[in-house]
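Novice: Residues in the sequence shown are numbered consecutively from 1, following UniProt numbering.
The following block contains the structure, expressed as C-alpha cells.
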Amino acid sequence: MAHYRRAGDVPPKRHTQHRDGDERLYFEELMGEEGFSSDSSLLYHREIPSAIVDSRAWEIPDVATTANHPLKPRHLRLHELFPKETWDETDAVTGRRLVLGNGDVRLSYVVSATASPLYRNSTGDEIVYIESGSATVETIFGTLRAREGDYIVIPTATTHRWLPTGDLPLRAYVIEATGHVAPPKRYLSRYGQFLENAPYCERDLHGPAGPIPVNGTDVDVLVKHRGSRGVTGTRLTYARHPFDVVGWDGCLYPYTFSVHDFEPITGRIHQPPPAHQVFEGHNFVVCNFVPRKVDYHPLSIPVPYYHSNVDSDEIMFYCGGDYAARKGSGIGQGSVSVHPGGLAHGPQPGAYERSIGAEFFDELAVMVDTFHPLELGEGGLACEDPGYAWTWARRGPQG
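Pasting the structure below:
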C-alpha cells in the first residue's frame, strides 16, 4: 500500500550512518515485498536484528483440511468453538481454530482473554476482523488499538503480539493469505492514491503509534513459515528484543480500518458483490456488507437474486445486524455460510417477496470469495449445522 508514513528517529538519507547520542550506530533493516521490487519500510534497531541464539520446532495449530464432499452448502456456528471456560486460557495466536482453507487463504476463528506470545506469520499477510471486544496490538512498528468492527492488516513477517483489553473477550475472525493483500486496484490511481469513487480513503487507515523501543534478552518469537510439506512453525530465540526500534519510515506497515468507515455503494437496482469489496489477495477477495439504503427502483427486489458462483466459493461471516435474506435458515450472529462454486444459492424461502418495499438493511457481514475450492478445517467440522443444506427445500435428503 503506497502510503508513506514516518515514526520515531530516522536519518535524513536512507542507507547512511545513523547514530545515537553516544555515537553508536543503529542497525538498518529493510523490510520489503517481492524482493526489492515493491513496497518496503526501513527500520532502525539498537541491536543487530538477525541475532538469534536458539531455534526449536513449534507445533502450530492444526491446519489439516477435509474436502467439501459430497458437495453441499454449509452453515458453521463459530460461537460454539470456544466455551466460556476456555477464554482465559486462549490467546489470539496459538488458540486459533481453522475453519476453512486452501492453498491461497485460510480462515480461522478465536475467542481470547489472554496475551499472545510474540508472533510472525512469514507465509503471507493477515487480515484480522474484530467481531467484538478490543485489543492492543504491539508490533515492531509500534502500537495499534483494535476495537469492534476493525480490520487489522498485518504485513508478512511483522513481529507482533495481541493483548486483549476491556471486560469482554476478544472475538477475532482471521483471514490468512499466502501472499499479499491490498485495496482493490480499481480504487487506486496509477500512483497508488485512493480515487474519488473509492468507498474509503487514506484518512480511514490508522497506522501504528510508536515505535515502542523495548529492551530485553533471549526473547522467543513464534514463526509460521513455509516448509517442504506446507505450513510449519519454528520458535526462534532472539538475543535482543525485536521491538528495539527507534524509528522507521516507508510504505509497508500494519494498520487498522474500521468497517464503519466503509461508505456503501448503492443503486436503483441490486448491486453485485464487487460493489462491497474492501481488499484483494491472490485468488481471493474480501467484501463487507454494511448498514445501507437499498435499491430504489420502483420495481426493485432488494435482497440478492439467486446466483451460481461458477468460478468461486462464497464464504459469509455474519457479525452484526439483521440479515434479511437468511431468515429461517438458522444463521445468526457468529455464523459462517459456505456456498461452493457451481451451486445456485440466494435468499431463504419467503425472503425474496418480503424484501419488496424495503428501504434500508441493517446488516453487517464479512465475505471472502475464493477462486479455488475451500476445504473444511477442524474448527469448521466441529461446529457445522447439519440441516442447513436442505433449508431451501424445507426437507432433508430422505424426504
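Just so it is clear, CB atoms sit at the ideal spot from N, CA and C, and this is done for glycine as well.
1) What do you reckon, are the CB atoms on residue 356 and residue 312 nearer than 9 Å?
2) Roughly how many angstroms lie between the CA atoms of residue 397 and residue 391, to the nearest whole one?
3) Less than 7 Å between C-beta atoms, sequence neighbours within five positions excluded: which residues of the same chain meet that for residue 122?
4) Could you tell me which residues DSSP pairs with residue 257 in its beta bridges?
5) If the criterion is Cβ atoms closer than 9 Å, does the pair residue 130 and residue 160 meet it?
6) I'd like the list of long-range same chain contacts for residue 104, defined as Cβ closer than 8 Å, with 5 residues on each side in sequence excluded.
7) Whose C-beta lies closer than 6 Å to the C-beta of residue 277 among residues of the same chain, with five residues either side of it excluded?
8) For residue 315 versus residue 107, is the C-beta spacing smaller than 9 Å?
9) Do you know how far the Cα of residue 64 is from the Cα of residue 394?
10) Just the C-alpha distance for residue 383 and residue 97, rounded to the nearest angstrom, thanks.
11) At which residues does the alpha helix (DSSP H) containing residue 382 begin and terminate?
12) What span of residues does the alpha helix (DSSP H) with residue 352 cover, start to end?
13) With a cut-off of 8 Å on the beta carbons, I'd call residue 182 and residue 279 a contact; round off their distance for me.
14) Which residues in the same chain as residue 217 place their Cβ atom closer than 8 Å to its Cβ, once the five residues preceding and following it in sequence are excluded?
15) Could you spell out where the beta strand (DSSP E) holding residue 36 opens and where it closes?
16) For the stretch 161 to 212, which segments carrying the alpha helix (DSSP H) assignment without a break, of at least 4 residues, lie completely within its bounds, in sequence order?
17) May I ask you to verify whether the stretch 188 to 208 touches the stretch 243 to 258, counting CB pairs closer than 8 Å and requiring at least 3?
18) Give the DSSP-derived three-state secondary structure of residue 146 in the structure shown.
19) Check residue 225 in the structure and name its three-state DSSP category.
20) Under the DSSP definition of a beta bridge, which residues are partnered with residue 54?
21) To the nearest angstrom, how far is it from the Cα of residue 119 to the Cα of residue 60?
22) Could you tell me whether the stretch 78 to 92 touches the stretch 339 to 352, where touching means 3 or more Cβ pairs closer than 8 Å?
23) Unbroken beta strand (DSSP E) runs of length 3 or more, entirely within the UniProt domain "Homogentisate 1,2-dioxygenase C-terminal" (301 to 370): which are they?
24) Apply the 10 Å Cβ neighbour rule to residue 67 and answer buried if 16 or more other Cβ atoms are within range, or exposed otherwise.
25) Mind checking which residues open and close the beta strand (DSSP E) that includes residue 284?
26) Residues in its own chain within less than 6 Å of residue 18 by CB, not counting five upstream and five downstream?
27) Would you list the one or two residues that DSSP bridges to residue 375?
28) Our contact map puts residue 378 next to residue 244 with C-beta atoms below 8 Å; I'd like the distance itself, whole angstroms only.
29) Would you identify the three-state DSSP class for residue 125, choosing helix, strand or coil?
30) Between residue 261 and the rest of its own chain, which residues show a CB-CB distance below 7 Å, the 5 nearest in sequence each way excluded?
31) Any idea what DSSP makes of residue 85, helix, strand or coil?
32) DSSP on residue 4, reduced to helix/strand/coil?
33) DSSP three-state label for residue 270, please.
34) If I follow the unbroken beta strand (DSSP E) through residue 77, where does it start and stop?
35) Identify which residue in 142, 22 and 41 has its Cα closest to the Cα of residue 14.
36) Please say whether residue 270 and residue 405 have beta carbons closer to each other than 9 Å?
Specialist: Taking the coordinates as given:
1) Reading the sequence shown from its first residue, position 356 is the one you call residue 356. Reading the sequence shown from its first residue, position 312 is the one you call residue 312. In this structure, residue 312 does not lie closer than 9 Å to residue 356 by Cβ.
2) In the sequence shown, counting from the first residue as 1, residue 397 sits at position 397. In the sequence shown, counting from the first residue as 1, residue 391 sits at position 391. Whole-angstrom Cα-Cα distance: 11 Å.
3) For the purposes of this step, residue 122 is taken as the residue at position 122 of the sequence shown. So the qualifying residues of the chain are 156, 157, 223, 224 and 225.
4) Residue numbering aside, residue 257 sits at position 257 when the sequence shown is read from its first letter. Partner(s): 151 and 205.
5) In the sequence shown, the residue the question calls residue 130 occupies position 130. In the sequence shown, the residue the question calls residue 160 occupies position 160. Contact flag unset, no.
6) The residue given as residue 104 occupies position 104 in the sequence shown. Contacts found: 177, 178, 179, 281, 282, 283, 284, 370, 371 and 372.
7) By 1-based counting over the sequence shown, the position of residue 277 is 277. Cβ neighbours of residue 277 beyond the five flanking positions: 184, 285 and 287.
8) Position 315 of the sequence shown, counted from the first residue, corresponds to residue 315. Position 107 of the sequence shown, counted from the first residue, corresponds to residue 107. Pairing residue 315 with residue 107 gives a Cβ-Cβ distance under 9 Å.
9) The count along the sequence shown starts at 1 and reaches residue 394 at position 394. The count along the sequence shown starts at 1 and reaches residue 64 at position 64. The alpha-carbon atoms of residue 394 and residue 64 are separated by roughly 33 Å.
10) In the sequence shown, the residue the question calls residue 383 occupies position 383. In the sequence shown, the residue the question calls residue 97 occupies position 97. So the two alpha carbons sit approximately 11 Å from each other.
11) Counting from 1 along the sequence shown, the entry for residue 382 is found at position 382. Its alpha helix (DSSP H) spans residues 378 to 382.
12) Start at 1 with the first residue of the sequence shown, and residue 352 comes out as number 352. Per DSSP, residue 352 belongs to the alpha helix (DSSP H) from 351 to 354.
13) Your numbering for residue 182 matches position 182 in the sequence shown. Your numbering for residue 279 matches position 279 in the sequence shown. About 7 Å separates the two Cβ atoms, so the contact holds.
14) Taking the sequence shown and counting its residues from 1, the one referred to as residue 217 is at position 217. These residues qualify, in order along the chain: 239, 240 and 241.
15) In the sequence shown, the residue the question calls residue 36 occupies position 36. No beta strand (DSSP E) holds residue 36; DSSP gives it neither H nor E.
16) Counting only unbroken stretches of 4 or more residues, no alpha helix (DSSP H) element lies wholly within the stretch 161 to 212.
17) yes
18) In the sequence shown, residue 146 corresponds to position 146, counting from 1. Note: residue 146 maps to strand in three-state DSSP.
19) For this step, residue 225 is matched to residue 225 along the sequence shown. In the structure shown, residue 225 sits in a strand (DSSP, three-state: E or B).
20) Indexing the sequence shown from 1 puts residue 54 at position 54. Paired residues: 237.
21) In the sequence shown, the residue the question calls residue 119 occupies position 119. In the sequence shown, the residue the question calls residue 60 occupies position 60. If you take the alpha carbons of residue 119 and residue 60, they lie about 11 Å apart.
22) no
23) 313 to 321, 335 to 339 and 363 to 370
24) Here residue 67 refers to the residue found at position 67 of the sequence shown. Result: exposed.
25) Counted from its first residue, the sequence shown places residue 284 at position 284. Note, residue 284: beta strand (DSSP E), 284 to 289.
26) One-based indexing of the sequence shown puts residue 18 at position 18. Excluding positions up to five away in sequence, the list reads 11, 26 and 44.
27) The residue labelled residue 375 in the question sits at position 375 within the sequence shown. Per DSSP, 101.
28) Sequence index remark: in the sequence shown, residue 378 carries index 378 (1-based). Sequence index remark: in the sequence shown, residue 244 carries index 244 (1-based). Incorrect: roughly 37 Å between the Cβ atoms, too far for contact.
29) Within the sequence shown, numbered from 1, the residue matching residue 125 stands at position 125. Here residue 125 sits in coil by DSSP.
30) Residue numbering aside, residue 261 sits at position 261 when the sequence shown is read from its first letter. Only residues of its own chain outside the window of five on either side were considered, and among them 200 and 204 have a CB closer than 7 Å to the CB of residue 261, listed in chain order.
31) By one-based count along the sequence shown, residue 85 stands at place 85. Helix at residue 85.
32) Looking up residue 4 in the sequence shown gives position 4. In this structure, residue 4 counts as coil in the three-state DSSP scheme.
33) Along the sequence shown, read from residue 1 onward, the residue named residue 270 stands at position 270. Coil at residue 270, not helix or strand.
34) Numbered from its first residue, the sequence shown carries residue 77 at position 77. 74 to 77 is the extent of the beta strand (DSSP E) around residue 77.
35) Residue mapping note: residue 14 aligns to position 14 of the sequence shown, counting from 1. When only C-alpha atoms are compared, the closest one is 41.
36) The question about residue 405 has no answer here: the residues shown for the chain are numbered 1 through 399.
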